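Top to bottom, those sequences are chains V and A. Residues in the first sequence are numbered from 1 upward in steps of one, following the working numbering. Residues in the second sequence are numbered from 622 upward in steps of one, following the working numbering. Notes follow once the structure below has been shown.
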Amino acid sequence: MTRFLKLLFRNRLAGIGAVVMGLILALVILTPVLPLQDPYATDLGARFKGALQDGHILGTDHLGRDQLSRLLWGTQLSLLVGLASAFAAALIGSTIGVIAGYFGGRTDNLIMRAVDMVMAFPYILLALAIVAALGPGLLNALIAVAAVNVPFFARNIRGIVVTLAGREFVDAARLAGMGHTRIILTEIVPNVLPVIVIAMSTTIGWMILETAGLSFLGLGSQPPQADLGSMLGEARAALITHPFTSVVPGVMIFLIVMSINLLGDGVRDALDPRLKSGALSRPLPVTTVGREGPIPAATDDLLAVQDLHTQFHAGSRIFRAVGGVDLAVRPGECLGIIGESGSGKSVTALSITRLVASPPGVITGGAVRFREADMIGASYEELRQIRGDKVAYIFQDPLSTLHPLYRIGDQLAEAIRVHHKVPKDELRKRAITLLKDVRIPNAESRVDNYPHEMSGGMRQRVGIAMALANEPDVIIADEPTTALDVTVQAQILALLNDLRREKGLAIVFITHDFGVVAQLCDRVAVMYAGRIVETGPTQAILDAPAHPYAKRLIACVPELGHGRRELAAIPGLPPAVDDLPPGCAFAPRCDKASASCCEGDVPLIGTPPRAVRCLYPEENV
Amino acid sequence: MPALTVENLSKTFPRSRPLFGKAAPGVRAVRPMSFTVEQGETLGIVGESGCGKSTLARMLVGLLPPSEGEIVIDGQAPGKGDPTEFGKLIQYVFQDPNSSLNPRKTIRQVMEAPLKHLHHLPADQRDARIREIFATVSLRESFLDRYPHEFSGGQAQRIGIARALAADPRIIVLDEPVSALDVSVQAQVLNLLAGLKARLGLTYLFISHDLAVVEAVSDRVMVLYFGSVVEIGRADSIFAHPRHPYTRLLANSAPVVGRPLTAPEQKGTELPDPLNPPPGCAFAGRCPKATEICRTDIPQLRDMGEDQRAACHHPND
Chain V
1 MTRFLKLLFR NRLAGIGAVV MGLILALVIL TPVLPLQDPY ATDLGARFKG ALQDGHILGT
61 DHLGRDQLSR LLWGTQLSLL VGLASAFAAA LIGSTIGVIA GYFGGRTDNL IMRAVDMVMA
121 FPYILLALAI VAALGPGLLN ALIAVAAVNV PFFARNIRGI VVTLAGREFV DAARLAGMGH
181 TRIILTEIVP NVLPVIVIAM STTIGWMILE TAGLSFLGLG SQPPQADLGS MLGEARAALI
241 THPFTSVVPG VMIFLIVMSI NLLGDGVRDA LDPRLKSGAL SRPLPVTTVG REGPIPAATD
301 DLLAVQDLHT QFHAGSRIFR AVGGVDLAVR PGECLGIIGE SGSGKSVTAL SITRLVASPP
361 GVITGGAVRF READMIGASY EELRQIRGDK VAYIFQDPLS TLHPLYRIGD QLAEAIRVHH
421 KVPKDELRKR AITLLKDVRI PNAESRVDNY PHEMSGGMRQ RVGIAMALAN EPDVIIADEP
481 TTALDVTVQA QILALLNDLR REKGLAIVFI THDFGVVAQL CDRVAVMYAG RIVETGPTQA
541 ILDAPAHPYA KRLIACVPEL GHGRRELAAI PGLPPAVDDL PPGCAFAPRC DKASASCCEG
601 DVPLIGTPPR AVRCLYPEEN V
Chain A
622 MPALTVENLS KTFPRSRPLF GKAAPGVRAV RPMSFTVEQG ETLGIVGESG CGKSTLARML
682 VGLLPPSEGE IVIDGQAPGK GDPTEFGKLI QYVFQDPNSS LNPRKTIRQV MEAPLKHLHH
742 LPADQRDARI REIFATVSLR ESFLDRYPHE FSGGQAQRIG IARALAADPR IIVLDEPVSA
802 LDVSVQAQVL NLLAGLKARL GLTYLFISHD LAVVEAVSDR VMVLYFGSVV EIGRADSIFA
862 HPRHPYTRLL ANSAPVVGRP LTAPEQKGTE LPDPLNPPPG CAFAGRCPKA TEICRTDIPQ
922 LRDMGEDQRA ACHHPND
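Next up, the structure:
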């Protein structure tokens, strides 16, 4: 709750709204005990008095009634009616939405078409029609305003419930023997409640305005009872001669609606989990750099990552995602980076061309050198020249990396056009050649397909074609086959292998699968908790892993052809990178660990090309 | 008596009727299939995306009413598509442990649901039973009053398994139970499942796309392709000696340490179109051995050697 208030008041306008609304509410609650004059006492001798005349703080209206008294009583009534209709609309609308969304199919169709019909009427007309049918009166105005707003809630909530009803926990509840009513009440409703509150907070202002509108037309509160709309309506006749009488209720309506809307926006922002996690702060085009310490000297590798440190700063917590990584690749070489989730392998890959989202990401040390030039210190313009041209990426999910609304040929052409001036018909030819290179059948007709018209394997081939578009020197592939079926994975891996042999590409291949590494990579680096724990030629590491983590990780992967068996598990979980133990990060899970493992930093040592970060390695390297 | 008998089970999803004319024939997600699973057995089910393995699993636990066919569990035939009748006999462990737990419920509320609604246990017995189950899957009791987002994938999957056990079922359908987990945690969960099975005499249906995992945990393996069973046989021999060319393709595609990288299938082939299924064998378009008969006649499952059945006109030797 305090966290919610803190988030709410971070938005200054919402704070102002809350204060104004609070003042109005306090006044309205105190109205019955305040020493006010009788709001219904007419005095035709004292009509249209200005402010502060004859003891009337806000003057009098056309019948000489005290404006302040009428205003406060009227505000109370207007707020009550507005709130009541908002609650009624939210309750009825959400119930309709939940039922339609949960049961789906024909129920959904019937309900939602009925809702559509209601929405087809201009809503003020509909409200007028309802009041005309029921007769004027405040209660009928309330019903009309609520009815008009029911479709808004029904449609919003239905959309949310449709997704929720397909979630696995609803299936699990059904298997636990729960009936539909119970599932709706205990599984669905608690999850849509925040959405209902958000929807209400943003519509309450409108509902007060709509009620005032109906009263203004004489269809809401009936004389002599005052609400804000009817006060305005009665003052309208004297708008030119005595404008002050209209200004008083007008300003109050303005204040109420304005403060509620500001507050509602604030509540929405504070409750919405996406906004809470910082979705509103747009990441910079390059990762922020705050390097401390010396910058490592250049080497003659094609691409070299040197003592790279990347951190995420979230509030007061610092996540050391990458804590000093050294890697290098030569042309035609394939380097595998293997590790579990959270080991920092993807962050390392993204740091190479500074693609880590900033904020919260910061590169705090080291260098990345492409042909000796440091990319960590490079300008955005220099990086843009390299990204996608010299160093290209292939990501895990081709469906989310391809734009759904453009033909794949156009997307390939764009990737080329960004870096090279090529005439239009030439671009198309290049796109077709690229599709042929990645062995897409009927490339001439496929070039005009949209991403959704292709299978997962075909889309990933397009992803690879796009990475190849500018004949890069290095390709960084981040789990490119994890989302694919095994038969497709085998094709994609074979394709990548052929391409690097034909074109002399260097590949950095990130995966969690030892089988894939064994088949594709020349060298491999095993990562744990943001650091490399072992590196060397693939075969040597697979045959005789030196680091206890590498050894046990290889042992827990089942291999095809070994029959039914017990698997060797590693007890415990990887450490959180915002709270790393001193010394070896694997020590708490390691059966060989001794006190010395937890004392100082363990260096990565060995005779090249092999190295291991362990005081008691399984093998001497 | 077998733990599970499936007779001619199939599922056809109807397509919506156009404004004019007749409705197109529906999409056959699962074609009529029959198989049995013995008490205490683990049947592995493998196949690629779109082969109908999830549809089959949802029918088996009663979340989806079958179009045709019968499901008999432990000699009883629960009502069609009624999860409460199924729940006491068969339970389900979901692929994504986090989305299978309601984010707004404590673990205790999650665990209590099957005890309350399936077994109608009074509160004190529920508490004792939950503690017993938590001890079985080695989870700390302090977890009970926490919310799902506080757990790692491995812990959440243990909770998912504990919830399935709470219903005291005879059979558990495990739908890719470890594919969302890291390899080091995957082995923990697989070993836990093996231990539970031995201790509680459970029967498993283990669905996965990872052949090595399926081989490591299963007694028998069933291979699905395009909604049909193409091969079923003993886990220790089916991938070593596949009869159906598709099983062989799967086995050859799995990345194995020490095997050189060659694409077993270079053609850019795609799955057959479910809206316009081929008249003969669904695999004929990708099969190197396909002949005329494969394109016209659908092959039936038949015995091929010891404990192995395959649906192929030209099986491998």
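The beta-carbon is built from N, C-alpha and C at its ideal position, and this holds for glycine as well. Given the structure is predicted, the values throughout are model-derived calculations rather than measurements.
- In the displayed model, F707/A falls within a helix according to three-state DSSP.
- For the stretch 383-449 of chain V, the continuous beta strand (DSSP E) assignments of 3+ residues that do not extend past its boundaries occur at 391-394, in sequence order.
- Taking a Cβ-Cβ cut-off of 8 Å, E534/V has no neighbours in chain A, whose nearest Cβ is about 15 Å from it.
- Cβ proximity to chain A below 7 Å picks out C556, V557, P558, E559, L560, G561, G563, R564, R565, E566, L567, A568, A569, I570, L573 from the stretch 555-579 of chain V.
- Of E234/V, R417/V, V524/V, T287/V, the smallest CA-CA separation from R65/V is found for E234/V.
- Here K632/A carries a strand assignment [DSSP, helix/strand/coil].
- Against G775/A, the close residues of chain V are L573, in the order they occur along the chain (beta-carbon pairs closer than 9 Å).
- For R923/A, the three-state secondary structure derived from DSSP is strand.
- Distance from the CA of L870/A to the CA of P920/A, rounded to the nearest whole angstrom, comes to 18 Å.
- The count of Cβ pairs closer than 8 Å, one atom from the stretch 705-724 of chain A and one from the stretch 773-793 of chain A, reaches three, so the stretches are in contact.
- Straight-line spacing of the CA atoms in C556/V and H419/V works out to 45 Å.
- Taking a Cβ-Cβ threshold of 8 Å, the residues of chain V close to Y713/A are D171, A172, L175, in chain order.
- In its chain, beyond the 5 residues on either side, A100 have a beta carbon closer than 6 Å to the beta carbon of D108/V.
- At least 8 Å separates the CB of H547/V from every CB of chain A.
- Of the residues P608/V, D478/V, L219/V, the one whose Cα lies closest to the Cα of E340/V is D478/V.
- In terms of Cα proximity to P704/A, the closest of P893/A, L684/A, D796/A is L684/A.
- For L303/V, the enclosing beta strand (DSSP E) covers residues 303-314.
- For the stretch 509-523 of chain V, the beta-carbon criterion of a distance under 7 Å to any beta-carbon of chain A is satisfied by H512, D513, F514, G515, V516, A518, Q519, L520.
- Taking the C-beta atoms as reference points, A650/A is found no nearer than 8 Å to G906/A.
- For H512/V, the number of other beta carbons within 10 angstroms of its own is at least 16, and it is reported as buried.
- Residues of the stretch 747-761 of chain A with a Cβ closer than 9 Å to any Cβ of chain V: none.
- Between T663/A and D796/A a beta carbon distance of about 14 Å is seen, past the 8 Å cut, so the two are scored as non-contacting.
- Under DSSP, Q37/V shares a beta bridge with no residue.
- In the displayed model, G700/A falls within coil according to three-state DSSP, outside both helix and strand.
- DSSP assignment within the stretch 856-880 of chain A yields the following whole alpha helix (DSSP H) runs of 4 residues or more, N-terminal first: 856-859, 866-874.
- Listed along the chain, the chain A residues whose CB falls inside 7 Å of the CB of P190/V are R725.
- Looking at the backbone, the Cα of M207/V and that of G137/V are separated by about 16 Å.
- A distance below 7 Å between beta-carbons, with the five flanking residues on each side excluded, links V161/V to the following residues of its chain, in chain order: G97, V98, G101, Y102, I188, V192.
- Around the beta carbon of Q222/V, fewer than 16 other beta carbons lie within 10 angstroms, which makes this residue exposed.
- Along the stretch 846-868 of chain A, the positions whose C-beta sits under 8 Å from a C-beta of chain V are A856, D857, F860, A861, read in chain order.
- Here M200/V carries a helix assignment [DSSP, helix/strand/coil].
- Contact with chain V is absent for T633/A, since none of that chain's Cβ atoms lies less than 8 Å from the residue's Cβ.
- Boundaries of the beta strand (DSSP E) harbouring S655/A: 648-658, taken from the DSSP string.
- In this model, S688/A and I183/V are separated by some 25 Å (Cα to Cα).
- Within the model, the alpha-carbon separation for A304/V versus A367/V is close to 8 Å.
- Scanning its chain for C-beta atoms nearer than 7 Å, with the 5 sequence neighbours on each side dropped, one finds around F755/A the residues E762, A783, in chain order.
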